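In order, the protein sequence lines correspond to chains G and W. So that you can map any letter, position 289 of the first sequence is 1657 in the numbering used here, and since no number is skipped, the others follow by simple counting. So that you can map any letter, position 71 of the second sequence is 1439 in the numbering used here, and since no number is skipped, the others follow by simple counting.
2 protein chains.
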Amino acid sequence: MSLTLRREVASVGPNLKRFGCRMNLKELARKLDLSPTTVSRALNGYPEVNEATRERVAAATRRYNYQPNTRAIRLATGRAMAVGHVIPLTTRHEIVNPVFADFIAGAGETYSRNGYDMLLSVVPDDNEERAYRELKSRGTVDGVIVHAPRMDDPRIPLLTEMRVPFVVHGRATGAALPYSWVDVNNRRAFKRATEFLIDLGHRRIGLVNGLEFMDFAIRRRSGYEDALGAAGIAVDPSILASDEMTETAGFRAMQTMLALPAPPSAIVVSSMLMALGVRRAIEKNGLKLGRDISVITHDDELSYLRNGDDVPIFTATRSSVREAGRQAADMLLSIISGKAAGPIERLLEAELIIGQSTGPFKG
Amino acid sequence: MSLTLRREVASVGPNLKRFGCRMNLKELARKLDLSPTTVSRALNGYPEVNEATRERVAAATRRYNYQPNTRAIRLATGRAMAVGHVIPLTTRHEIVNPVFADFIAGAGETYSRNGYDMLLSVVPDDNEERAYRELKSRGTVDGVIVHAPRMDDPRIPLLTEMRVPFVVHGRATGAALPYSWVDVNNRRAFKRATEFLIDLGHRRIGLVNGLEFMDFAIRRRSGYEDALGAAGIAVDPSILASDEMTETAGFRAMQTMLALPAPPSAIVVSSMLMALGVRRAIEKNGLKLGRDISVITHDDELSYLRNGDDVPIFTATRSSVREAGRQAADMLLSIISGKAAGPIERLLEAELIIGQSTGPFKG
DNA sequence: AATCGGTTTCAAACCGCTTTGGATGCTTCA
DNA sequence: TGAAGCATCCAAAGCGGTTTGAAACCGATT
């Protein structure tokens, strides 16, 4: 008994030095008159510990507000308990993916719910490979989310070869090996949008797309072309535009098309921001959106770019990027934990939202 | 000699199990016939090691591509080598700060240059306090950047009391204690912008502002009011708007003002996105931007919202958020390392960029 | 009573680095 | 010549967990 008391008194360990007044496993064990081994096992749900003991441990954990030291866990287990998001900065035109913030917001929920940290590294895309290798070799993350895949994206074979668990937000046309991804069904969405316009009687339908080395842009275009093809409408390159997804680019593209001898009567647009520019061009030419010219845009449901407050302004193919973030994160965690076997693929369908920017074709 | 050889052969340690084929300090030391202590010191620039030895170590480090295990360093030193960015999600209207992505891009450069990781946590703002406390107690970060400060922001006293190094992006009117911040001189910028319009002959000048519980919005308004006051112009509440910084809100605000019996002849706007909406309203009413009505907006130089490609479209008070990110990160790291003594403050001046959206008042 | 299988528990090694408190050898000075 | 001083280097004890291999305990079986 007196021994126990002495122990109690002596239990203010030297860890105070570094970590404030945190309780650590050893002290907790001492208070419980158990070995650290048992406490550790109790906490981690190992079977070889008596239920009664486990409850005692749980109670003490709450009572002393014990939180295991993440750094120690990481060292001991070799797991990083963190996932990385690499943001490539295109060196030429330093564009930060506008979709990024909302995707992160979705993924972040999942991570914190599972005790994982989210690590961001901003990387000039000329040494992206080195960045991934370092992430791996420094062991700071257990897995990675790949953003903004391009056609034949080199990151996919790279990460596969390095055996880093990863999930791609989007897909990469031309990838040889299977890999895990979460993506919107861009092809079907744009096919559907185009069909909708065709059903409204439009035959001359333009496309204002993102840069077509981006995978999603390729798919959107092919959906658009499929719908036209199915309706027996030839694709006319003069009403196809592909540029960065900015307001200005949307405006410029639309201006050019409207200046044609035979301007389109309807347009499919790849992003809300571009659609704002498209609308401006339309209005600048004295036309009325939805009456003189129809516009369907893709809407990622970015929080700072809502499609109207209550009623949608633009008719849109809608798919929440934030939801994609949640799903990608879930997927990555289950791959990391080994729960998932092979590569997982998740195709999200976009909704077609009818707004005020579309209307029937009038000769 | 043969001893050395045996050692070489035996040197494939058990660490292979966990960390792939990483070389660790002990092995490196063995190859060099030195103790781990000396190698560690050589690498960390301690004085008590011979220059020749230091060079040998450096050479071996390169040769074997040795990278110290971050997890071990973190545990041994108690430093996290990481900084946290907390992104509060307003539970009511889940807006992710649109400025955020670009700020991060700037800050990230600084972090990776200094070997720090950037940790993101997305936090519903109803339990923000708990999130900060946990960040501290789990010891996952050495410091924090505070985003989007509000008036009397509770995070500032909280972090101060918890003794977590932090830097605020922006300021918080009403904070009792001094703290470190990086901010644009919003007041002067908007004063300057308003003066510019006054100099052009405008007397009826509106303000389309962000939500006025945000600190920057308060300051912008006061700059605007100062300029009016100095020119002897009374502030008219009917041409003041304050709302979320979206295109739609900008449009709505401008529509309302234009419908007034005496609409303003010039407007100061708080963000590019709002300015897009303002412009739309102006054009919708058959007016010409810069001729019939003048607009100055604040431009954060967001990468996906450039103010025109070559020549600026909007006259703007311009200040790079990315640069603010870089500076805030620098500041935080120097606080963490103890190089900086007290709180540091950095006020960035916005440039006034003359674009095509402003012109002289014509009766 | 001795043995056995199963359940609980523990001591000690380990993860890879830092850091403390000496050792060692060499120079210098009384 | 011996002590002091200095420049280098090292063994070992940490950081706070996990994990291995073995021990203790228990009731049941022989």
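We put the beta carbon where it would ideally sit given N, CA and C, even for glycine. Remember, predicted model here, so these are calculated numbers, not experimental data.
Could you tell me whether the Cβ atoms of residue i and residue j are closer together than 8 Å?
i	j	result
Gly-1476(W)	Ser-1688(G)	no
Ile-1524(W)	Ala-1499(W)	no
Arg-1518(G)	Phe-1581(G)	yes
Ala-1617(G)	Met-1642(G)	yes
Ser-1633(G)	Thr-1683(G)	no
Val-1451(G)	Tyr-1484(G)	yes
Leu-1487(G)	Met-1486(W)	yes
Gly-1474(G)	Ala-1692(G)	yes
Ala-1428(W)	Leu-1393(W)	no
Gly-1569(W)	Arg-1659(W)	no
Arg-1560(G)	Leu-1720(G)	yes
Ile-1538(W)	Phe-1584(W)	For the sequence presented, residue 1538(W) should be read as Gly rather than Ile. For Gly-1538(W) and Phe-1584(W), yes; Cβs fall inside 8 Å.
Arg-1447(W)	Asp-1510(W)	yes
Ile-1664(G)	Ile-1650(G)	no
Ala-1557(W)	Phe-1468(G)	no
Gln-1435(W)	Arg-1506(G)	yes
Ser-1671(W)	Val-1464(G)	yes
Going by C-alpha to C-alpha distance, which of the options sits closest to residue i?
i	options	result
Leu-1527(G)	Ala-1516(G), Lys-1652(G), Val-1512(G), Ala-1540(G)	Val-1512(G)
Leu-1545(G)	Leu-1565(G), Asp-1520(G), Arg-1555(G)	Asp-1520(G)
Pro-1492(G)	Pro-1456(G), Ser-1480(G), Gly-1507(G)	Pro-1456(G)
Gly-1578(W)	Glu-1563(W), Lys-1394(W), Val-1636(W), Arg-1390(W)	Val-1636(W)
Asn-1482(W)	Val-1535(W), Thr-1683(W), Val-1663(W), Leu-1701(W)	Leu-1701(W)
Ile-1573(W)	Ser-1606(W), Ala-1543(W), Pro-1436(W), Ala-1627(W)	Ser-1606(W)
Thr-1685(G)	Glu-1563(G), Arg-1442(G), His-1453(G), Ser-1610(G)	Glu-1563(G)
Val-1536(G)	Ala-1718(G), Gly-1727(G), Glu-1717(G), Ala-1697(G)	Ala-1697(G)
Val-1603(W)	Thr-1614(W), Glu-1615(W), Met-1613(W), Ser-1590(W)	Ser-1590(W)
Ala-1516(G)	Asp-1494(G), Arg-1501(G), Asp-1551(G)	Asp-1551(G)
Asn-1653(W)	Gly-1676(W), Gln-1623(W), Pro-1629(W)	Gln-1623(W)
Arg-1690(W)	Thr-1478(W), Val-1663(W), Ser-1403(W), Ser-1662(W)	Thr-1478(W)
Ile-1734(G)	Trp-1549(G), Gly-1446(G), Tyr-1672(G)	With chain G represented from 1369 up to 1731, any question about residue 1734(G) goes unanswered, as that position is not in the structure.
Leu-1601(W)	Asp-1567(W), Glu-1612(W), Ala-1708(W), Tyr-1547(W)	One detail in the question is off: residue 1601(W) reads as Ile in this sequence, not Leu. Out of Asp-1567(W), Glu-1612(W), Ala-1708(W), Tyr-1547(W), Asp-1567(W) has the C-alpha closest to the C-alpha of Ile-1601(W).
Ser-1705(W)	Phe-1534(W), Ser-1610(W), Leu-1626(W)	Phe-1534(W)
Tyr-1547(W)	Pro-1522(W), Arg-1555(W), Leu-1565(W)	Pro-1522(W)
Arg-1694(W)	Arg-1424(W), Phe-1471(W), Lys-1707(W)	Phe-1471(W)
Ser-1638(W)	Asp-1678(W), Ala-1621(W), Leu-1626(W)	Ala-1621(W)
Would you decide whether residue i is buried or exposed? Buried here means 16 or more other CB atoms lie within 10 Å of its CB.
i	result
Lys-1730(W)	exposed
Asn-1418(W)	exposed
Val-1380(W)	In this predicted model, Val-1380(W) has a pLDDT of only 37, less than 50, meaning its place in the structure is not dependable; the value taken from the coordinates is given anyway. Exposed, because fewer than 16 other Cβ atoms sit within 10 Å of the Cβ of Val-1380(W).
Gly-1710(W)	exposed
Ile-1722(G)	exposed
Thr-1508(G)	buried
Leu-1715(G)	exposed
Ser-1408(G)	buried
Thr-1405(W)	exposed
Asn-1412(G)	exposed
Pro-1415(W)	exposed
Ser-1480(G)	buried
Given that residue i touches chain W, what residues does it touch there, using C-beta distances under 9 Å?
i	result
Lys-1656(G)	Near Lys-1656(G) there are no residues of chain W at all, since even the closest Cβ is about 10 Å away, more than 9 Å.
Arg-1390(G)	Ser-1505, Gly-1507
Kindly list, in the order they appear in chain G, the residues whose Cβ is closer than 7 Å to that of residue i.
i	result
Arg-1523(W)	The contacting residues do not exist; Arg-1523(W) stays about 18 Å from chain G at best.
Val-1451(W)	Those do not exist, as Val-1451(W) stays about 11 Å from chain G at its closest Cβ, beyond 7 Å.
Tyr-1414(W)	Correct list: empty, because the minimum Cβ distance to chain G is about 20 Å.
Chain W partners of residue i, CB-CB under 8 Å?
i	result
Phe-1468(G)	Ala-1469
Arg-1674(G)	Thr-1614, Thr-1616
Val-1636(G)	Near Val-1636(G) there are no residues of chain W at all, since even the closest Cβ is about 20 Å away, more than 8 Å.
Please list the partners that residue i has in chain G, where partner means a Cβ-to-Cβ separation under 8 Å.
i	result
Ala-1621(W)	In chain order: nothing, as chain G lies at least about 13 Å away.
Leu-1457(W)	Ala-1473
Chain W partners of residue i, CB-CB under 7 Å?
i	result
Thr-1508(G)	Thr-1438, Asp-1485
Asp-1677(G)	Thr-1616
Problem - Residues in the segment 1475-1502 of chain W having any Cβ partner in chain G nearer than 7 Å - result: Taking 7 Å as the cut-off between beta carbons, the residues of the segment 1475-1502 of chain W near chain G are Gly-1476, Glu-1477, Ser-1480, Asp-1485, Met-1486, Leu-1487, Leu-1488, Ser-1489, Val-1490, in sequence order.
Handout entry: Interface residues of the segment 1641-1656 of chain W facing chain G [CB-CB below 8 Å]
Key = Under the 8 Å Cβ criterion, the segment 1641-1656 of chain W contributes Leu-1641, Leu-1644, Arg-1647, Arg-1648, Glu-1651, Lys-1652.
Practice task
Give, in chain order, every residue of the segment 1423-1449 of chain W whose Cβ lies closer than 7 Å to some Cβ of chain G.
Solution key: Close to chain G, meaning a Cβ-Cβ distance shorter than 7 Å, are the following residues of the segment 1423-1449 of chain W: Gln-1435, Asn-1437, Thr-1438, Arg-1439, Ala-1440, Arg-1442, Leu-1443, Gly-1446.
Exercise for the section: Below 9 Å between beta carbons is the criterion; list the residues of the segment 1598-1618 of chain G that meet it against any residue of chain W, in chain order. Expected result: Here the close residues are Glu-1612, Met-1613, Thr-1614, Glu-1615, Thr-1616, Ala-1617.
Exercise for the section: Note down, in chain order, all residues in the segment 1580-1592 of chain W with a beta-carbon under 7 Å from any beta-carbon belonging to chain G. Expected result: Cβ contacts with chain G: none found.
Practice task
May I ask you to list, following chain order, the residues of the segment 1544-1555 of chain G that have a beta carbon less than 7 Å from some beta carbon of chain W?
Solution key: Taken residue by residue, none of the segment 1544-1555 of chain G has a beta-carbon sitting less than 7 Å from a beta-carbon on chain W.
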